[in-house]
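The structure under discussion appears below in the form of structure tokens.
Residue numbers (my numbering): 143 to 654.
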């Protein structure tokens, strides 16, 4: 009895595989031949390639054949990749109504920290986005700016100690501690002191959140490829329990303390407390006032929603900014002429502002802006963005109909390294972002924060944090590569976002 049953299951599995892997063939779309079980992402799943490298290679293959788009498979699930930038813009901007969601699995009941803006869908996302948008205006950034400056002073002191001792520094680790302190203060209202204590509790949990492993890599893939009903039935969680318990506890205790003692801090949590208790944000210290007509028309946040937004703010603001600063310093260490030009820009602006680190001073550093943009072009932290089709969609200039449920993969790294848009794409050249050069490129060819209604809401904060960190370092120190740093650099296959594989050691010399 067992042998016939196993034989039957084998036949069913074989037929399912054949049927699944004929999806794009049946629709007359060019596709890359998949491998059994893995589809076209085997190297990613087994840890041989980073997410960045895996999806860029798919883009490069389609592009090399002169295709406008192509199909591939994530395990058994069909996925679609636009190559023509006009198709990409249609999907994420013009025809956004057909591709409203990222297609990331979320289950707020089982996994409360997954109920954040990045993963939410449809009206839930729309309502929350509308409420959170005012918390990221330039005015709100000015409010949080002193937190960044305070943390940058600690960064400067730490680097000066190493410079005085002529010690090489593991800059990736130090920058991660800097961004941990900034985000811990801005999002949770906590003084983490990671720069002084590298083993602080917040820093330790930051490491755990982004610690890569084969199982976590496979679980992420399964969550995004298995049927939602199946994932829901088995109550699979994105967030490990230890991490969930820590962040929920931090938010709950901080909220309770502030509400009971009427404590005001100029941070993101204060704005979330206004949304929790009033339904809207204001520029004052009040977060306990009774709701008025504005709040009644809006969306009040629950405590779990507050925790989830703090968590995603931590996810999006800590590691991505740390990675961007690290990559920028790596490039500057290898391009001393660019580093010197940047230092002159920083010093000239600081002189005009009485050597005071102000919001206006940072925003006036034009060459710094170019350096940051070129870093984000060459090394976008989020090298891939996704959408899922929710309404049947005819691809412009094509007979292809994308069906509901099909995942769309937009390889930002592939676009950013495409020689059609960026000649000599491996070269680090901030002048690509002069006004004259920007005008020569089509819209949609630079999107480190995504584009369209789903563009990263915290882009302003992230950019500001990166600029403050770089201005502090390059304005006060010269950096060169230490022999312990492996070049050319490689992307870490275990990393959740684009990150350098291995440590990044730099020599730091004081110049003031």
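C-beta: ideal position from N, C-alpha, C; glycine also.
- Going by DSSP, residue 407 is part of no beta strand (DSSP E) at all; its letter is neither H nor E.
- Residue burial annotation: residue 303 is exposed, with fewer than 16 other C-beta atoms found within 10 angstroms of its C-beta.
- Restricted to the stretch 169-226, the beta strand (DSSP E) segments that are unbroken, complete and at least 3 residues in length are 211-216, 219-224, listed in chain order.
- Judged by DSSP secondary structure, residue 260 falls outside any beta strand (DSSP E); it is assigned neither H nor E.
- Straight-line measurement puts the Cα of residue 311 at about 8 Å from the Cα of residue 301.
- Taking C-beta separations shorter than 8 Å and ignoring five residues to either side along the sequence, the partners of residue 604 in its chain run 458, 459, 462, 463, 466, 591, 598, following chain order.
- Per the C-alpha coordinates, the member of 390, 527, 420 positioned closest to residue 198 is 527.
- Linking residue 626 to residue 196 through their CA atoms gives a straight-line distance of about 27 Å.
- Boundaries of the beta strand (DSSP E) around residue 620: 619-623.
- If you ignore the 5 residues before and after residue 579, its C-beta comes within less than 8 Å of the C-beta of 573, all in its own chain and listed in chain order.
- Using a C-beta cut-off of 8 Å, the stretch 354-374 makes no contact with the stretch 403-420, since fewer than three inter-stretch Cβ pairs fall below that distance.
- 7 Å or more divides the Cβ of residue 543 from the Cβ of residue 549.
- Between the C-alpha atoms of residue 589 and residue 260 there is a straight-line separation of about 16 Å.
- Along the length of the stretch 507-565, whole beta strand (DSSP E) runs at least 3 residues long occupy 527-530, 549-552, reported in chain order.
- DSSP, reduced to helix, strand and coil, places residue 595 within a helical segment of the structure shown.
- Under the 10 Å beta carbon count, residue 593 is surrounded by 16 or more other beta carbons and is classified as buried.
- The Cβ atoms of residue 253 and residue 345 lie no closer than 7 Å to each other.
- For the 7 Å CB-CB criterion, residue 177 and residue 184 form a contact.
- In this structure, the CA atom of residue 483 is about 21 Å from the CA atom of residue 624.
- Around the Cβ of residue 152, a 10 Å sphere holds fewer than 16 other Cβ atoms; the residue is exposed.
- In the DSSP annotation of this structure, the continuous segment of the beta strand (DSSP E) that includes residue 652 starts and ends at 647-652.
- Taking a contact as a CB-CB distance under 8 Å, the pair residue 487 and residue 508 counts as one, their CB atoms being some 7 Å apart.
- At a cut-off of 4 residues, the continuous stretches assigned as alpha helix (DSSP H) that sit fully inside the stretch 354-419 are 356-367, 370-375, 383-403, 410-419.
- The straight-line gap separating the alpha-carbon atoms of residue 295 and residue 499 is approximately 10 Å.
- Judged by beta-carbon spacing, residue 451 lies within the 7 Å limit of residue 258, meaning their Cβ atoms are closer than that value.
- Remark: fewer than three beta-carbon pairs, one from each stretch, lie closer than 8 Å, so the stretch 629-645 and the stretch 611-618 are not flagged as touching.
- In the displayed model, residue 590 falls within a strand according to three-state DSSP.
- Distance from the CA atom of residue 320 to the CA atom of residue 470, rounded to whole angstroms, is 15 Å.
- Sequence-distant partners of residue 628 (beyond 5 residues in either direction) whose C-beta falls short of 7 Å from its own C-beta, in its chain, are 644.
- Residue pairing of residue 156 in beta bridges, as defined by DSSP: absent, with no partner found.
- Exclusion of the five residues before and after residue 495 leaves 502, 503, 506 as the residues of its chain whose Cβ lies within less than 8 Å of its Cβ.
- Listed as beta-bridge partners of residue 311 by DSSP are 648.
- In the displayed model, residue 638 falls within coil according to three-state DSSP, outside both helix and strand.
- Taking the Cα positions, residue 648 is about 42 Å away from residue 210.
- Restricting attention to 630, 391, 553, the CA atom closest to the CA of residue 523 is found in 553.
- In this structure, residue 231 and residue 586 form a Cβ contact; the two beta carbons are roughly 4 Å apart against a cut-off of 8 Å.
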